[in-house]
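K.L.:
Chains A and B, in that order, give the protein sequences.
Per our numbering, residue 1 is the first one in the first sequence, and the count goes up by one each step.
Per our numbering, residue 1001 is the first one in the second sequence, and the count goes up by one each step.
All residues carry an ideal CB built from backbone N, CA and C; glycine is no exception.
There are 2 protein chains.
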Amino acid sequence: MVELQAHPIDTVFHALSDGTRRRMLRELAQGERTVSQLAEPHDMSLAAASKHIKVLEGAGLIRREIQGRTHLCRLEPGPLATAHEWLTFYERFWTSRLDILERLLREEDAQKSARDEIRKSPLKSPASRKSETEPETGEDQ
Amino acid sequence: MVELQAHPIDTVFHALSDGTRRRMLRELAQGERTVSQLAEPHDMSLAAASKHIKVLEGAGLIRREIQGRTHLCRLEPGPLATAHEWLTFYERFWTSRLDILERLLREEDAQKSARDEIRKSPLKSPASRKSETEPETGEDQ
DNA sequence: CGCATATTCAACCACATGGTTGAATTACAA
DNA sequence: TTGTAATTCAACCATGTGGTTGAATATGCG
């Protein structure tokens, strides 16, 4: 019904791009929950919550065990690990240390591989960015 | 034009949920690129690519330096670090070692915090999931 | 100046998303 | 059997997304 032939990681990142769904994952990190339990904290219809759960399921982020008339959901961390590893590729860009060297190399690289002959002004040194950690901080997500 | 009052991490994950944009980030990991350079490998109009770039910019994943008539883009890793750290919260769920203990604790937890009295069947032990690493593997993304 | 280059803007389109409501399905319980 | 509880399904709606095309806006160049 959704994401017909997208790359798996597309569906994972997409699933994570919604605060309701991230909150559900957060909840599931503390233990399994039924559909109604997952829906309860969210100000929306059960049907809407059910759709969110299906998106999470479609991304492989949760598994569901049907138990009579209730559906028990539990976290399936594999895709989260995949996404984490995907991001790890870029780690060198935020863990500085070699930042100056990196940047010089990137400049050289850009110079070399530039398909045309644009760019010839100096680059601004990027302000080192502060990153607020931990999921589900404060109000939403 | 997009993401009017969403949580910042919403826009980051959303930006990452598209293969075209992930490929652009990949490209920018090797050095700065102009808009046309970023657009070139992708089978779409310049205008479409320009929109993708704006999504990345809106998520804070890239910065743009206007240089005459060309726009030079460069990677801004901060939000990637944020997303990475967000995912790190769930790390304990995929780095096993304490997996059995974790699971037992989660069961207890679920037992304790369950708002209703559902759940009373045994849990399946989750198959340890294999996660394919590194970004931009194979054909797309 | 006049033209080509780099990029965006605006209007448009098909389809996805996230929500609603009401009915259908299935299971438990009296 | 009858009713109620848990969940999905189907239809619908407003809005967002990702793409197109053609015009607009600057900038660089001869």
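#1: Give the residues of chain A in contact with aspartate 1010 (chain B), contact being defined as C-beta atoms less than 8 Å apart.
#2: Look up glutamate 57 (chain A) in the DSSP assignment and say whether it is helix, strand or coil.
#3: If you follow the alpha helix (DSSP H) that threonine 88 (chain A) is in, where does it begin and where does it stop?
#4: If distances are taken between C-alpha atoms only, which option among B:Glu1065, B:Asp1018, B:Gln1030 comes closest to histidine 1042 (chain B)?
#5: Check the Cβ-Cβ distances between proline 77 (chain A) and every residue of chain B, and say whether any is below 7 Å.
#6: Where do the N-terminal and C-terminal ends of the alpha helix (DSSP H) with glutamate 91 (chain A) fall, by residue?
#7: Going by the beta-carbon positions, is the gap between glutamate 1076 (chain B) and glycine 1060 (chain B) smaller than 7 Å?
#8: Starting from arginine 67 (chain A), follow its DSSP beta bridges and name the residues at the other end.
#9: In chain A, which residues lie less than 9 Å from histidine 1042 (chain B) when you measure between Cβ atoms?
#10: Quick check on aspartate 1116 (chain B): does DSSP put it in helix, strand or coil?
#11: Can you find the residues in the same chain that come closer than 8 Å, C-beta to C-beta, to tryptophan 1158 (chain B), ignoring five residues on each side of it along the sequence?
#12: Give the interface partners of alanine 48 (chain A) over in chain B, defined as CB-CB distance under 7 Å, in chain order.
#13: Would you grab the beta carbon distance between alanine 1015 (chain B) and leucine 1056 (chain B) for me? Rounded to a whole angstrom, and I think it's under 8 Å.
#14: Given a threshold of 16 other Cβ atoms within 10 Å of its Cβ, counted over all protein chains shown, does arginine 1115 (chain B) qualify as buried or as exposed?
#15: Ordered along the chain, which non-local residues of its own chain (more than five positions away) have a Cβ less than 7 Å from that of alanine 174 (chain A)?
#16: Since alanine 39 (chain A) meets chain B, which of its residues come closer than 7 Å, beta carbon to beta carbon?
#17: Give the straight-line distance between the Cα atoms of glycine 68 (chain A) and histidine 1071 (chain B), rounded to the nearest whole angstrom.
#18: Please classify isoleucine 1053 (chain B): is it buried, with 16 or more other beta-carbons within 10 angstroms of its beta-carbon, or exposed?
P.N.:
Let me spell this out:
#1: Residues of chain A passing the Cβ test: Ser17, Asp18, Gly19, Gln141.
#2: Here glutamate 57 (chain A) sits in helix by DSSP.
#3: Start and end: 78 to 88.
#4: Out of B:Glu1065, B:Asp1018, B:Gln1030, B:Asp1018 has the C-alpha closest to the C-alpha of histidine 1042 (chain B).
#5: Among the residues facing chain B, proline 77 (chain A) is included, as its CB has a counterpart in that chain under 7 Å away.
#6: That run of the alpha helix (DSSP H) goes 91 to 94.
#7: Yes. Within cutoff.
#8: According to the sequence shown, residue 67 (chain A) is glutamine rather than arginine. Bridge partners of glutamine 67 (chain A) according to DSSP: A:Thr70.
#9: Result: empty, since nearest Cβ-Cβ is about 14 Å, beyond 9 Å.
#10: Because aspartate 1116 (chain B) sits at a pLDDT of 39, beneath the cut-off of 50, its placement in the model cannot be relied upon, and the following sentence gives the value as read from the coordinates. Secondary structure of aspartate 1116 (chain B) (DSSP, three-state): coil.
#11: With chain B running from 1001 to 1141 in the structure shown, residue 1158 (chain B) is simply not present.
#12: Within 7 Å Cβ-Cβ: nothing; alanine 48 (chain A) doesn't reach chain B, min ~17 Å.
#13: Leucine 1056 (chain B) and alanine 1015 (chain B) do touch by the CB rule: their CB atoms are close to 5 Å apart, below 8 Å.
#14: Confidence at arginine 1115 (chain B) is low in this model, with a pLDDT of 40, below 50, so its placement is unreliable and the value that follows should be read with caution. Answer is exposed; the Cβ neighbour count stays below 16.
#15: The question about residue 174 (chain A) has no answer here: the residues shown for chain A are numbered 1 through 141.
#16: Per Cβ cutoff of 7 Å: no residues; alanine 39 (chain A) is ~11 Å from chain B at best.
#17: The alpha-carbon atoms of glycine 68 (chain A) and histidine 1071 (chain B) are separated by roughly 59 Å.
#18: The residue is buried, with at least 16 neighbouring Cβ atoms inside 10 Å.
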